[in-house]
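*Asks:*
There are 2 protein chains.
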Amino acid sequence: MDRERPTFTEKFRQLKEIFSQAAHLRGIRRLLGWDQETYMPGNGQENRAEQNALLSEMIHERITSRRTGGLVEELFEAVSPKVPENDHFVCLREWKRTYNRQARLPSSLVKELARQSVIAHKAWAEARRSTDFSLFKPVFKRLVQLSRQKAMCLGFEHSPYDALLDEYEPGTTAREINGFFSDLVPPLQATVYKIAGHGTCPPPPISGRFPIEAQRVLVRLAATALGYNPASGRIDTVLHPFSTRIGPGDCRITTRWSKSDFTEAFFAVLHETGHAVYSQNLPKEHYGTPLGESVSMGIHESQSRFYENIVGRSRHFWKYFFPIVKGMFPGEIDHLGLDGFLKAINRVRPYFIRVEADEVTYNLHVYLRFVIERELIEGKLEPGDVPDRWNSLFMELFSLEVPDDGAGCLQDVHWSGASFGYFPTYTLGNIYAAMFLKALRQDFPGLESAMEAGDFSPVFHYLKENIHRHGQRYRPVELLGKVTGDKPSAAPLVEYIDKKYSELYC
Amino acid sequence: MDRERPTFTEKFRQLKEIFSQAAHLRGIRRLLGWDQETYMPGNGQENRAEQNALLSEMIHERITSRRTGGLVEELFEAVSPKVPENDHFVCLREWKRTYNRQARLPSSLVKELARQSVIAHKAWAEARRSTDFSLFKPVFKRLVQLSRQKAMCLGFEHSPYDALLDEYEPGTTAREINGFFSDLVPPLQATVYKIAGHGTCPPPPISGRFPIEAQRVLVRLAATALGYNPASGRIDTVLHPFSTRIGPGDCRITTRWSKSDFTEAFFAVLHETGHAVYSQNLPKEHYGTPLGESVSMGIHESQSRFYENIVGRSRHFWKYFFPIVKGMFPGEIDHLGLDGFLKAINRVRPYFIRVEADEVTYNLHVYLRFVIERELIEGKLEPGDVPDRWNSLFMELFSLEVPDDGAGCLQDVHWSGASFGYFPTYTLGNIYAAMFLKALRQDFPGLESAMEAGDFSPVFHYLKENIHRHGQRYRPVELLGKVTGDKPSAAPLVEYIDKKYSELYC
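Chains as they are written, first to last, in my numbering: chain A, -4 to 501; chain B, -4 to 501.
1. Using beta carbons (cut-off 8 Å, strictly below), is His19 of chain A in contact with chain B?
2. Considering only residues of the stretch 66 to 141 of chain A, which uninterrupted beta strand (DSSP E) runs meet the minimum length of 3 residues and lie entirely inside it, listed in chain order?
3. Secondary structure at Arg342 of chain A, three-state DSSP: helix, strand or coil?
4. Here's a check: name, in chain order, each residue in its chain whose Cβ is nearer than 6 Å to the Cβ of Leu26 of chain A, leaving out the five neighbours to either side.
5. Once DSSP output is grouped into helix, strand and coil, what is the label at Ser497 of chain A?
6. Taking 8 Å as the cut-off, does the stretch 282 to 291 of chain A touch the stretch 307 to 318 of chain A (at least 3 CB pairs, one atom from each stretch)?
7. Opposite Ala242 of chain B in the DSSP bridges: which residues?
8. So with Cβ pairs under 8 Å, would you call Pro36 of chain B a contact of chain A?
9. Taking Cβ positions, are Val454 of chain B and His235 of chain B nearer each other than 8 Å?
10. Using a Cβ-Cβ distance under 8 Å, would Asn173 of chain B count as near chain A?
11. Would you please verify whether the beta carbon of Gln184 of chain B is less than 8 Å from any beta carbon of chain A?
12. Give me whichever residues DSSP pairs with Ile305 of chain B in a beta bridge.
13. Under three-state DSSP, which class holds Asp399 of chain B?
14. Give me the Cα-Cα distance between Ser102 of chain B and Glu12 of chain A, rounded to the nearest whole angstrom.
15. Do Ala226 of chain B and Asn38 of chain A have their beta-carbon atoms positioned less than 8 Å apart in this structure?
16. Buried or exposed: where does Met390 of chain A fall if 16 or more other Cβ atoms within 10 Å of its Cβ makes it buried?
17. Taking the C-alpha atoms as reference points, what is the distance between Leu458 of chain A and Val139 of chain A?
18. From Met(-4) of chain A to Gln31 of chain B, what does the alpha carbon distance come to, in whole angstroms?
19. Of all the residues that make up the stretch 211 to 234 of chain B, which are near chain A by a beta-carbon distance shorter than 8 Å?
20. Just to confirm, are Gln46 of chain A and Ile23 of chain B a CB contact at a threshold of 8 Å?
21. Using the beta-carbon count (16 or more within 10 Å), is Gln275 of chain A buried or exposed?
22. Considering Cα atoms alone, identify which of A:Lys6, A:Lys117 and A:Asn461 is closest to Val74 of chain A.
23. Excluding sequence positions up to five away, which residues of its chain have a Cβ less than 6 Å from the Cβ of Arg344 of chain A?
24. Roughly how many angstroms lie between the CA atoms of Trp90 of chain A and Tyr417 of chain A, to the nearest whole one?
25. Just the chain B side, please: which residues come within less than 7 Å of Ile54 of chain A by C-beta, in chain order?
26. Below 6 Å CB to CB, which residues in the same chain sit around Phe451 of chain A once its five sequence neighbours on both sides are set aside?
27. Please classify Val78 of chain B as buried or exposed, where buried requires at least 16 other C-beta atoms within 10 Å of its C-beta.
28. Can you tell me which of B:Lys495, B:Thr59 and B:Cys404 puts its alpha carbon nearest to the alpha carbon of Arg384 of chain B?
29. Report yes or no: is there a C-beta of chain A within less than 8 Å of the C-beta of Asn425 of chain B?
30. So which residues of chain A does Asp383 of chain B contact, with C-beta pairs closer than 9 Å?
31. Give me the Cα-Cα distance between Met147 of chain B and Pro378 of chain B, rounded to the nearest whole angstrom.
32. Comparing alpha-carbon positions, which option in A:Leu141, A:Phe336, A:Glu373 and A:Glu107 lies nearest His55 of chain A?
33. Helix, strand or coil: which one does DSSP assign to Asp161 of chain A?
34. Using a Cβ-Cβ cut-off of less than 8 Å, give me the residues of the stretch 42 to 74 of chain A that come near chain B, in sequence order.
35. Since Ile305 of chain A contacts Leu432 of chain A with CB under 8 Å, what's their CB separation in whole angstroms?
36. If you draw a straight line from the alpha carbon of Ile340 of chain A to that of Ala218 of chain A, how long is it in whole angstroms?
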């Protein structure tokens, strides 16, 4: 009998227990976050900040203890073979990565960042409401300072921004991201100009009377059709839509509603459904280990953008859904016809708000944020100068003057949560999604006609089989290679946009 | 300079930090519990059980570590003077009590009880829905077994039930509770017979059309009038109403609604408002220490029963509220008149459901549960025999045959949460509430006329000043003595009921 085997097995079990507890604590922290955005009373803020800080500290302590470090090192050396097909190796590879990152961060910094984020969220919401950046500035400064400190602790080769980026998209660098934008921004701007130069004004947005109760029925119907299991989730109302995974069997969606334009909630829900279906399909039996976690935020966003745009804003999708929506809101969209409706939900125009942006201008919005946060983290831009920098960059990219900071640098929630490095994953998501579409089309030539008949199972089965069920077995780029046979490239996205908008604005 | 002082201060700070973390974890666990009852999707159950078990284990580990025990022993010896006016002493007295209780419980038992409770809750809900005790029996057996084990670990002088009771009402014994019931049950039964013998049928319950949206407005109005701060809480919908304190600034109420009888939600909310106002008034600056915690469940229930019954079912209260309710639901209660309405909300009749019981029969319901759970924990009753025992006791007390277990032993949530020893605190609450009323009347002779004018501040200022703000400074009986000048006694409750119902059924 091999005496090493049982030792490895037992030590692996111990390490798994530590990381499983950390995973449960993160699930609990996500419930706290969900509650904070949905139902928490106003005066609960301060207490929530303390709860959040405590959980973050406890997660950090568990992951970075000397015992964890020792086990990670020892078992990673011992595990064999070191291939993604070996479950133990995958876990140890990711635990090692996590340990190495987290152990570099002092506990006090982790706790302080968690606490400041909750406080900053409140300040941001107030600043945004009164479109007054000065209300946000002090705590924003503090968050930038803490985030730069974090990047220094984590270490980096070229830019401190890489250290933060690595949290959301492991292995990616600012230089690579910049490369994608170099390939994307000029053709996207060209498309915007072409459409503008086409002479036709953008079609008006959807406008009518869409009772919220009926909208609730509609979005639930759409989410379910796209593979979301409503018994393992719910849909709530928030200011800034998100989806969150409290744990297996509990993956929640949030949205906001507009009485005059049902597409606001509809596309928000499609987007979050993309995330939530990914979460629901992660293998339950591996919850608490890397094999039960999503691979990266870029891949996560590719799922949401795939659902929202590639599926949700396509002609095939609406061939099925347009009559349903007409029936639910009699007389409100009939006059548009399917063609008019498709133009309305795909209207391209330079505008101030990212979350309302079309597929073409969206990545320009992300680019702007990428430039600014990179400059902030690299110490090339003072936090107090963000409004000016924002507005001048916006003028460069969109030829528009930002009317106030509410429609400018205060519009997004991310910086109030110190999520520097998150924004680029949206564009990565768009890039990956276009690559997945190409691959899916090759595998299912009947994709379009299935969608037109209301059968979206080819989509969600494909994504489950090729992406969701793997958890973190493959690194992002590796997974992409397996599914598409290609390296990450902006070309399929440029091609997709070019084709789609040439047809729409022909 | 005294060299001992800083040592004590520093060690006290360390101990306070440990218990403060435990308090935050309990607050987080309460949020999980609230979510479970309000919004959690059905498939989230299993994950929630794991989260709950983990938090319970972590709380237990913190409180019972050797370090905690050492600090508690050392500082309790050192603290001086040992009087309730000394903040340090109060904390150490209660921490010692908590440590001594918790350190006797093996961590595995704590975790298993937490996990089984979540599972049992689901089984109970299903058993109740299908009125089939057999669905609940296996896990119920397990809970009784674990709870008996818990009692054995905790230790006791006379009955293992005392060990469990002590968790909810420190210092009380089954013998004392039994004494209260001996004083209460005969006169209450006599009152029931007297009212029944009076010859008049009980008035019909309220029945009409009461839109839920209007009810929401009404209950918020009433809760606020009674001192509840809505910015530090919220009101949600559940199957079994409760109130919970997530932390300072976040004390939530839950209720259920009936479209045909607004009083169901109304009195549930008044009851929970009593709890929630207590929670909101606990000194925020002491959160995390015993000075920021409620003194006992008996005192807690005295607040809720005070609000629900002594205030909420009184003529004075309705002199103010009756016209308001008439205005909100035109034509629905006008025909009753104030007198008819008061009779309807104070109708006395033997019936199956505790939470719908009137003030007179309520304590008989509690008595029945007390008898059964005491027998269970003392090993004199098999869990499988509970339905039979329940039904025969019910016949004895109410002269009614229980139609099914849904209207019998499955009606309450408590046992599914292993909360054996909780029920008697309802009757203690009623007893204490009547004592508080007596004291309050002596201090505020103008109480009734203030209430009739819609001014309830004498009530909530009195309770805040005399009870809430003290946290756990005084032990329950000590506090009662300070406020009322008396020892706990059922006499004021008997007197209150006798007077009220003689007048109503004169």
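We put the CB at the ideal spot given by N, CA and C, even for glycine.
Keep in mind it's a predicted model, so treat the numbers as computed, not measured.
*Replies:* Once the coordinates are examined:
1. Position 24 of the first sequence holds residue 19 of chain A. By this cut-off, His19 of chain A is an interface position.
2. none
3. In the first sequence, the residue the question calls residue 342 of chain A occupies position 347. Three-state result, Arg342 of chain A: coil.
4. As a working mapping, residue 26 of chain A is identified with position 31 in the first sequence. Answer for Leu26 of chain A: Ile241, listed in chain order.
5. Numbered from 1 along the first sequence, position 502 holds the residue referred to as residue 497 of chain A. Correct three-state label for Ser497 of chain A: helix.
6. Two segments are said to touch when three or more pairs of C-beta atoms, one from each, lie closer than 8 Å; by this definition the stretch 307 to 318 of chain A does not touch the stretch 282 to 291 of chain A.
7. Taking the first residue of the second sequence as position 1, residue 242 of chain B is located at position 247. It is Gly, not Ala, that sits at residue 242 of chain B in the sequence shown. Gly242 of chain B pairs with B:Asp245.
8. On the second sequence, residue 36 of chain B is found 41 positions in, with the first residue counted as 1. Yes, Pro36 of chain B counts as interfacial toward chain A.
9. As a working mapping, residue 454 of chain B is identified with position 459 in the second sequence. As a working mapping, residue 235 of chain B is identified with position 240 in the second sequence. Not closer than 8 Å, so no.
10. On the second sequence, position 178 is the one that residue 173 of chain B refers to. Not closer than 8 Å to any Cβ of chain A, the Cβ of Asn173 of chain B fails to qualify, so no.
11. Taking the second sequence and counting its residues from 1, one reaches residue 184 of chain B at position 189. Interface annotation, Gln184 of chain B: not in contact with chain A, CB-CB separation never under 8 Å.
12. The residue labelled residue 305 of chain B in the question sits at position 310 within the second sequence. Looking at the DSSP assignment, Ile305 of chain B forms no beta bridge with any residue, so it has no partner.
13. Here residue 399 of chain B corresponds to residue number 404 of the second sequence, with the count starting at 1. The answer is coil: DSSP assigns Asp399 of chain B none of H, G, I, E or B.
14. Mapped onto the second sequence, residue 102 of chain B falls at position 107. Mapped onto the first sequence, residue 12 of chain A falls at position 17. So the two alpha carbons sit approximately 16 Å from each other.
15. The residue you call residue 38 of chain A lines up with position 43 of the first sequence. The residue you call residue 226 of chain B lines up with position 231 of the second sequence. Result yes, Cβ atoms of Asn38 of chain A and Ala226 of chain B sit closer than 8 Å.
16. What you label residue 390 of chain A is simply residue 395 of the first sequence in a count that begins at 1. Residue environment: Met390 of chain A is assigned as exposed (fewer than 16 neighbouring CB atoms within 10 Å of its CB, all protein chains considered).
17. Looking up residue 458 of chain A in the first sequence gives position 463. Looking up residue 139 of chain A in the first sequence gives position 144. So the alpha carbons of these two residues sit roughly 36 Å apart.
18. In the first sequence, residue -4 of chain A corresponds to position 1, counting from 1. In the second sequence, residue 31 of chain B corresponds to position 36, counting from 1. Low local confidence applies: a pLDDT of 45 at Met(-4) of chain A is under 50, so the model's placement there is unreliable, with the coordinate-based value given in what follows. Rounded to the nearest angstrom, the two C-alpha atoms are 48 Å apart.
19. So the list reads Asn224, Pro225, Ala226, Ser227, Gly228, Arg229 and Asp231, given in the order they occur along the chain.
20. Stepping through the first sequence from its first residue, residue 46 of chain A is reached at position 51. Stepping through the second sequence from its first residue, residue 23 of chain B is reached at position 28. With contacts defined as CB atoms closer than 8 Å, Gln46 of chain A and Ile23 of chain B qualify as a contacting pair.
21. As a working note, residue 275 of chain A is residue 280 in the first sequence. That one is buried.
22. Numbered from its first residue, the first sequence carries residue 74 of chain A at position 79. Considering only alpha carbons, the answer is A:Lys6.
23. As a first step, residue 344 of chain A must be located in the first sequence, where it is residue number 349. Counting only Cβ-Cβ distances below 6 Å, and skipping sequence neighbours, we find Pro197.
24. Stepping through the first sequence from its first residue, residue 90 of chain A is reached at position 95. Stepping through the first sequence from its first residue, residue 417 of chain A is reached at position 422. Going by the C-alpha atoms only, they are around 21 Å apart.
25. In the first sequence, residue 54 of chain A corresponds to position 59, counting from 1. Against chain B, a Cβ distance below 7 Å from Ile54 of chain A picks out nothing, because the smallest value is about 12 Å.
26. One-based indexing of the first sequence puts residue 451 of chain A at position 456. If we look at Phe451 of chain A and ignore the five residues flanking it on each side, its Cβ neighbours are Ala220 and Leu221.
27. Against the second sequence, residue 78 of chain B aligns to sequence position 83. It is exposed - the Cβ of Val78 of chain B has fewer than 16 other Cβ atoms within 10 Å.
28. Along the second sequence, read from residue 1 onward, the residue named residue 384 of chain B stands at position 389. Closest option to Arg384 of chain B, Cα to Cα, is B:Cys404.
29. For this step, residue 425 of chain B is matched to residue 430 along the second sequence. Closer than 8 Å: no.
30. Mapped onto the second sequence, residue 383 of chain B falls at position 388. Taking a Cβ-Cβ threshold of 9 Å, none of the residues of chain A is close to Asp383 of chain B; the smallest such distance is about 36 Å.
31. Taking the first residue of the second sequence as position 1, residue 147 of chain B is located at position 152. Taking the first residue of the second sequence as position 1, residue 378 of chain B is located at position 383. Between Met147 of chain B and Pro378 of chain B, the C-alpha separation is close to 18 Å.
32. For the purposes of this step, residue 55 of chain A is identified with residue 60 of the first sequence, where counting begins at 1. Checking every option, the nearest Cα to that of His55 of chain A belongs to A:Glu107.
33. The count along the first sequence starts at 1 and reaches residue 161 of chain A at position 166. Residue state, collapsed to three classes: helix.
34. Cβ contacts with chain B: Asn42, Arg43, Glu45, Gln46, Leu49, Leu50 and Met53.
35. Against the first sequence, residue 305 of chain A aligns to sequence position 310. Against the first sequence, residue 432 of chain A aligns to sequence position 437. Indeed they touch by this definition, with Cβ atoms about 5 Å apart.
36. Here the question's residue 340 of chain A lines up with position 345 in the first sequence. Here the question's residue 218 of chain A lines up with position 223 in the first sequence. Rounded to the nearest angstrom, the two C-alpha atoms are 18 Å apart.
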